[in-house]
Amino acid sequence: MLNDLSQKLLSTSLIMDETAPRPGRSMFAWLVGASQLLGVASVVLTGVWMGHYRGGFAWDGSGREFNVHPLCMVLGLVFLQGDAILVYRVFRHEAKRNVKVLHGIIHLLALIISIVGIVAVFDFHRASKTPDMYTLHSWCGMATLLLFIIQWVMGLLFFLFPVASSWLRASYLPIHVFCGLVLLVMAIGSSLLGITEKLLFSIMPTYSQFAPEGVLANTLGILLVGFGVLLGYLITKEEFRRPPNPEEEALSVHFKTLTEGGSPTSP
C-alpha cells in the first residue's frame with residue numbers, strides 16, 4: 001500500500017510539475033515574439049527603403065528590378081532561414097517528423113525567394129552593363145547562397161528522406177546544426193555589406209550628413225543584427241532545446257531494428 005501511495009504521489013507531482021507555469025517558458029515566448037518583430041520589421045524596412053527612396057519594384061531591367069534583390073534576400077536568406085531553424089524550438093513538443101517537414105518547407109520557400117533575388121540582380125547588371133561579382137558583398141552573398149543550397153540538399157537526403165545509415169545521420173547532425181547557424185550569420189553579414197555598398201553607391205555625398213535614407217538603412221542593419229543575436233540565443237540555450245521524447249526514441253529504435261536488422265540496444 002505504501003508503494004502504491006508513493007507511486008500516486010510521484011505521479012501527481014510529475015503532472016503538477018509539467019502543468020505548472022515556468023519562468024523559462026514565459027521568457028522563451030517573449031524572446032520568440034521579439035525575434036519575430038525584429039524579423040518582420042527588417043523585411044518591412046527593406047521594402048520601405050526600396051519602395052520610397054529607390055523608386056519601387058519592377059521587372060524591367062531598371063533600378064527598380066534591382067530593388068527586388070535586397071527585399072528577397074532579407075526575406076529569404078535572413079528572416080525565413082532564421083524561422084526555419086527556430087521551428088525546432090517553437091514546436092519542440094510536436095511530432096518530430098512534422099517539425100522536419102515544416103523545417104524543410106520553410107527552407108525551400110527561402111531558397112526560391114533568394115533565387116528570385118539573385119536572378120533580379122544579375123538581370124539588372126546585364127541590362128545596365130554593370131560588371132558581376134567584383135565586390136566583397138557579391139562574393140559573400142553568392143557563397144552564402146551556394147552553401148545554403150548544399151545544406152538544404154544534405155538535410156533532405158540525411159533527415160527528411162534519409163538515404164544514409166543511422167550512424168552517419170547521427171554523425172552529420174551536429175555538423176548540420178552548426179552549418180545552419182553559420183549560414184544565418186553569413187546571410188546577415190552579407191546583408192550588412194550590401195546595405196553599406198548600396199548607400200555608398202547611391203548617396204555618398206550626403207551619407208555623412210545623416211541623410212534620412214542613410215539613417216533608415218543603418219536602422220535596418222541594426223534590426224538584422226538584433227534578429228541574429230536573438231535567434232542565436234534561442235537556438236543555443238540548452239533550456240530551450242527540444243526535450244527527449246521516449247516514444248519517438250522507441251519508434252526510431254524499432255525502425256532501425258526492422259530496416260537494418262540491428263538489435264534495440266545497438267547504437
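Per the UniProt record's numbering, residue 1 is the first one in the sequence shown, and the count goes up by one each step. We treat Cβ as the ideally placed atom computed from N, Cα and C, and that holds for glycine.
**Request:** Can you tell me the Cβ-Cβ gap for SER114 and LEU71, rounded? I've got them flagged as a contact below 8 Å.
**Result:** In the sequence shown, residue 114 corresponds to position 114, counting from 1. In the sequence shown, residue 71 corresponds to position 71, counting from 1. The Cβ separation is near 11 Å, so there is no contact.
**Message:** Report the CB separation of PHE111 from LEU231 in whole angstroms; it is logged as a contact under 8 Å.
**Reply:** Translated into the one-based positions of the sequence shown, residue 111 becomes position 111. Translated into the one-based positions of the sequence shown, residue 231 becomes position 231. Strictly speaking, residue 111 in this sequence is Leu, with Phe absent from that position. In fact, because the Cβ distance is near 18 Å, the residues do not count as touching under 8 Å.
**Asked** Counting along the chain, where does the alpha helix (DSSP H) carrying TRP59 start and finish?
**Response** Counting from one through the sequence shown, the residue named residue 59 turns up at place 59. Unbroken run through TRP59: none, as it is neither H nor E.
**Residue from LEU183, ARG25, LEU216 with nearest C-alpha to SER42** = Walking along the sequence shown from the start, residue 42 turns up at place 42. Out of LEU183, ARG25, LEU216, LEU216 has the C-alpha closest to the C-alpha of SER42.
**Request:** Please determine, among VAL32, TYR233, ARG241, GLY117, the residue with the shortest C-alpha to C-alpha distance to SER191.
**Result:** Locating residue 191 in the sequence shown gives position 191, counting from the first residue. Answer by Cα proximity: GLY117.
**Item:** Among LEU184, GLU239, THR219, PRO243, nearest to MET73 - alpha-carbon criterion
**Value:** Within the sequence shown, numbered from 1, the residue matching residue 73 stands at position 73. Checked all of LEU184, GLU239, THR219, PRO243; the closest Cα to MET73 is LEU184.
**Asked** Between the beta-carbon of LEU223 and the beta-carbon of LEU38, is there less than 7 Å?
**Response** Within the sequence shown, the letter at position 223 stands for residue 223. Within the sequence shown, the letter at position 38 stands for residue 38. Yes, they are a contact pair.
**Prompt:** Does the stretch 166-184 touch the stretch 138-151, meaning 3 or more C-beta pairs lie closer than 8 Å?
**Reply:** yes
**Prompt:** What separation, rounded to the nearest whole angstrom, lies between the Cα atoms of LEU234 and LYS129?
**Reply:** Locating residue 234 in the sequence shown gives position 234, counting from the first residue. Locating residue 129 in the sequence shown gives position 129, counting from the first residue. So the two alpha carbons sit approximately 44 Å from each other.
**Prompt:** Do PHE124 and GLU213 have their CB atoms nearer than 7 Å?
**Reply:** For the purposes of this step, residue 124 is identified with residue 124 of the sequence shown, where counting begins at 1. For the purposes of this step, residue 213 is identified with residue 213 of the sequence shown, where counting begins at 1. Cβ atoms of PHE124 and GLU213: not closer than 7 Å.
**Message:** In this structure, how does DSSP classify ASP132 when only helix, strand and coil are distinguished?
**Reply:** By 1-based counting over the sequence shown, the position of residue 132 is 132. Note: ASP132 maps to coil in three-state DSSP.
**Request:** Would you identify the three-state DSSP class for ASN67, choosing helix, strand or coil?
**Result:** For this step, residue 67 is matched to residue 67 along the sequence shown. Note: ASN67 maps to coil in three-state DSSP.
**Asked** So, do the stretch 133-140 and the stretch 84-98 have three or more beta carbon pairs nearer to each other than 8 Å?
**Response** no
**Request:** Output the distance between the C-alpha atoms of GLY47 and MET204, rounded to the nearest integer angstrom.
**Result:** Counting from one through the sequence shown, the residue named residue 47 turns up at place 47. Counting from one through the sequence shown, the residue named residue 204 turns up at place 204. Cα to Cα, the separation comes out at about 21 Å.
**Prompt:** For PHE240 versus PHE57, is the C-beta distance shorter than 7 Å?
**Reply:** On the sequence shown, position 240 is the one that residue 240 refers to. On the sequence shown, position 57 is the one that residue 57 refers to. No; because the gap between Cβ atoms is not below 7 Å, this pair is not in contact.
**Asked** Under three-state DSSP, which class holds LYS96?
**Response** Counted from its first residue, the sequence shown places residue 96 at position 96. In the structure shown, LYS96 sits in a helix (DSSP, three-state: H, G or I).
**Prompt:** Taking C-alpha atoms, which residue in VAL90, TRP59, LEU45 lies nearest to ILE195?
**Reply:** If you number the sequence shown from 1, residue 195 lands on position 195. Considering only alpha carbons, the answer is LEU45.
**Message:** By alpha-carbon positions, which one of GLY155, VAL119, ALA120 ends up nearest to HIS107?
**Reply:** Here residue 107 is taken as the residue at index 107 of the sequence shown, counted from 1. Here the closest residue by C-alpha is GLY155.
**Message:** So for VAL163, helix, strand or coil by DSSP?
**Reply:** Taking the first residue of the sequence shown as 1, we reach residue 163 at position 163. Note: VAL163 maps to coil in three-state DSSP.
**Prompt:** Going by other Cβ atoms of all chains shown within 10 Å of its Cβ, with 16 needed for buried, is PRO131 buried or exposed?
**Reply:** Translated into positions along the sequence shown, residue 131 becomes position 131. By the neighbour-count rule (16 or more Cβ atoms within 10 Å), PRO131 is not buried but exposed.
**Asked** How many Å lie between ASP83 and ALA164 at the Cα?
**Response** In the sequence shown, the residue the question calls residue 83 occupies position 83. In the sequence shown, the residue the question calls residue 164 occupies position 164. Looking at the two C-alpha atoms, the distance is approximately 26 Å.
**Message:** Here's a check: name, in chain order, each residue in its chain whose Cβ is nearer than 8 Å to the Cβ of TRP49, leaving out the five neighbours to either side.
**Reply:** As a first step, residue 49 is located in the sequence shown; it is residue number 49 there, counting from the start. Excluding residues within five positions, the ones whose Cβ falls inside 8 Å are PRO70, GLU213, LEU216, ALA217, LEU220.
**Asked** So GLY228 is in the alpha helix (DSSP H); what residue range does that whole segment cover?
**Response** Here residue 228 corresponds to residue number 228 of the sequence shown, with the count starting at 1. Here the alpha helix (DSSP H) through GLY228 covers 212-236.
**Message:** Does the beta-carbon of HIS103, which I'm using as the reference point, lie nearer than 6 Å to any heavy atom of the ligand ADP?
**Reply:** The ligand content of the structure shown is nil, which means the ligand ADP is not present either.
**Coil, strand or helix - GLN209 by DSSP** = Counting from 1 along the sequence shown, the entry for residue 209 is found at position 209. Three-state DSSP puts GLN209 in coil, outside helix and strand.
**Prompt:** Just how far apart, CA to CA, sit GLU260 and SER171?
**Reply:** Residue mapping note: residue 260 aligns to position 260 of the sequence shown, counting from 1. Residue mapping note: residue 171 aligns to position 171 of the sequence shown, counting from 1. In this prediction, GLU260 has a pLDDT of 48, which is less than 50 and means its spatial position is unreliable; what the coordinates show is noted afterwards. Rounded to the nearest angstrom, the two C-alpha atoms are 17 Å apart.
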